[in-house]
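Mind the numbering: the sequence shown is residues 1 to 302 in full-length UniProt numbering, read in order.
Have a look at the structure below, then the notes.
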Amino acid sequence: MTDAPTSLPGWNHVYSGKVRDLYEPVDPALAGRMLVVASDRVSAFDHVLSPGIPDKGVLLTTLSLWWFDLLSSTDGGRSIPNHLAPDHTIGRELIPAAVVGRAMLVKNLDMQLVECVVRGYLTGSGWAEYTESGTVCGIRLPAGLSNGDRLPAPIFTPAYKAPMGEHDENISFDQTVELVGAEKAELLRDLSLEIYERAARIAEARDVILADTKFEFGVDDDGVMTLADEVLTSDSSRYWDAAAWRAGTTPAERMASFDKQIVRDWLAANWDKQGTPPELPAEIVERTADRYRELLGRLTGI
Ligand code: ATP
Ligand code: MG
1 MTDAPTSLPG WNHVYSGKVR DLYEPVDPAL AGRMLVVASD RVSAFDHVLS PGIPDKGVLL
61 TTLSLWWFDL LSSTDGGRSI PNHLAPDHTI GRELIPAAVV GRAMLVKNLD MQLVECVVRG
121 YLTGSGWAEY TESGTVCGIR LPAGLSNGDR LPAPIFTPAY KAPMGEHDEN ISFDQTVELV
181 GAEKAELLRD LSLEIYERAA RIAEARDVIL ADTKFEFGVD DDGVMTLADE VLTSDSSRYW
241 DAAAWRAGTT PAERMASFDK QIVRDWLAAN WDKQGTPPEL PAEIVERTAD RYRELLGRLT
301 GI
């Protein structure tokens with residue numbers, strides 16, 4: 001693993017996921033807050049790969065903050081509560097220099113066990129299931145769809161967030177109800193579809209297709225279902241070039257992507273998914289970094 005969690009003054013390291021490192025404050029006066037630090041690590045097929053993608057942590061944090069800010073405004077929708085600590089801007093001095101630009105000061109939430117995936121287009125594991133059964137997460141779709149097609153309407157296709165080291169698993173809405181109860185399941189579905197549709201409209205205005213995305217929610221101390229984790233980044237989403245999608249003749253041309261599809265494709269062609277994945281070639285790393293940078297520029301102008 002590249003870019004191992006750094007020890008940060010004022011913060012205790014509590015957890016490392018595949019991509020992010022979580023820290024809790026040493027100072028009891030800051031209890032309830034957390035520092036989420038995005039590394040340059042890249043994962044595919046649930047494996048962390050080597051080397052990392054230069055500046056990925058900064059790019060994805062910048063993009064997440066941009067979306068959180070936009071979604072919390074009432075511009076084009078209602079304000080969506082997010083996990084950024086109320087003092088996250090003035091709290092900047094709490095963020096250690098070593099991780100400035102790739103850390104978010106957040107509220108520590110009671111995270112839900114369901115990953116809230118929304119698909120507006122058919123590809124990836126959704127496409128794989130559709131070719132087998134004509135369904136995605138139990139939702140029946142029209143016959144005759146191709147890889148990369150736009151769906152008649154966006155669908156909520158949740159996944160069970162497996163414990164560290166296990167693979168997340170697509171589940172049906174009924175299984176979601178079993179996991180979190182009917183009320184929460186409906187809330188998660190409705191919020192996810194609402195945010196996806198709003199974000200997809202914003203992306204489309206910049207000639208980018210938000211093909212699918214994954215949200216994570218947690219409940220805050222006041223019981224509010226809150227948008228957490230990273231949001232609408234090129235790690236949690238598939239973004240395609242809309243012009244290429246319209247003009248593309250092969251699925252690969254159509255799905256010209258601003259995400260880690262380059263990494264997934266290279267790995268699928270060069271690894272049998274047994275044992276340790278091979279080192280990514282420099283060219284793949286550079287092309288991926290370029291795509292991440294281009295997405296940030298297109299969406300935010302940054
Ligand atoms: P895993 O946790 O299975 O390794 P992952 O690889 O997706 O999953 P990362 O994305 O690297 O993990 O780590 C981020 C972790 O932080 C996730 O487990 C996510 O649920 C958690 N998280 C994000 N936001 C919050 C929050 N506000 N409060 C508590 N936990 C959070
Ligand atoms: Mg994650």
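We treat Cβ as the ideally placed atom computed from N, Cα and C, and that holds for glycine.
Nearest residue (CA-CA) to residue i, options the options
i, options, result
"Leu179", "Glu129, Pro28, Ser257 and Lys161", "Lys161"
"Arg150", "Pro9, Gly223, Trp240 and Met104", "Trp240"
"Thr100", "Lys273, Asp55 and Ser237", "The question names Thr, but residue 100 in the sequence shown is Val. Residue Asp55 is the option with its Cα nearest to Val100."
"His47", "Glu283, Thr276, Glu169 and Pro158", "Thr276"
Pairwise C-alpha distance: residue j and residue i
i, j, result
"Ile302", "Ala44", "27 Å"
"Tyr292", "Leu59", "7 Å"
"Lys214", "Glu115", "6 Å"
"Val177", "Ala185", "5 Å"
"Asp229", "Gln112", "11 Å"
"Met1", "Gly120", "In this predicted model, Met1 has a pLDDT of only 42, less than 50, meaning its place in the structure is not dependable; the value taken from the coordinates is given anyway. Each residue's Cα considered, the two are about 33 Å apart."
"Asp207", "Asn82", "26 Å"
"Gly223", "Ser79", "17 Å"
"Ala31", "Asp220", "13 Å"
"Thr131", "Phe217", "30 Å"
"Phe173", "Glu204", "28 Å"
Coarse secondary structure for residue i, derived from DSSP in three states
i, result
"Thr276", "coil"
"Trp156", "Here residue 156 is Phe; the residue named in the question, Trp, does not match the sequence. Reduced to three states, the DSSP call for Phe156 is strand."
"Ala85", "coil"
"Asn147", "coil"
"Asn270", "helix"
"Lys260", "coil"
Contacts around residue i, its chain only, beta-carbon distance under 7 Å, and the 5 residues preceding and following it disregarded
i, result
"Asp190", "none"
Any non-hydrogen atom of the ligand MG closer than 8 Å to residue i Cβ
i, result
"Asp229", "yes"
"Val118", "no"
"Ser16", "no"
"Val37", "no"
6 Å CB neighbourhood of residue i in its chain, flanking five on each side removed
i, result
"Arg201", "none"
"Thr233", "Leu60, Leu63 and Ser64"
Cutoff 8 Å; reference residue i; Cβ partners in own chain excluding five residues on either side
i, result
"Gly74", "Residue identity check: residue 74 is Thr in the sequence provided, not Gly. Correct list: empty, nothing qualifies."
"Glu294", "Phe258"
"Trp11", "Tyr23, Glu24, Pro25, Val26, Leu35 and Pro96"
"Gln261", "Arg238 and Met255"
Proximity test, residue i beta-carbon vs the ligand ATP heavy atom, cut-off 8 Å
i, result
"Gly52", "no"
"Phe34", "Looking at the sequence provided, one finds Met at residue 34 rather than Phe. Checking the Cβ of Met34 against the ligand ATP gives yes."
"Asn108", "yes"
"Leu22", "yes"
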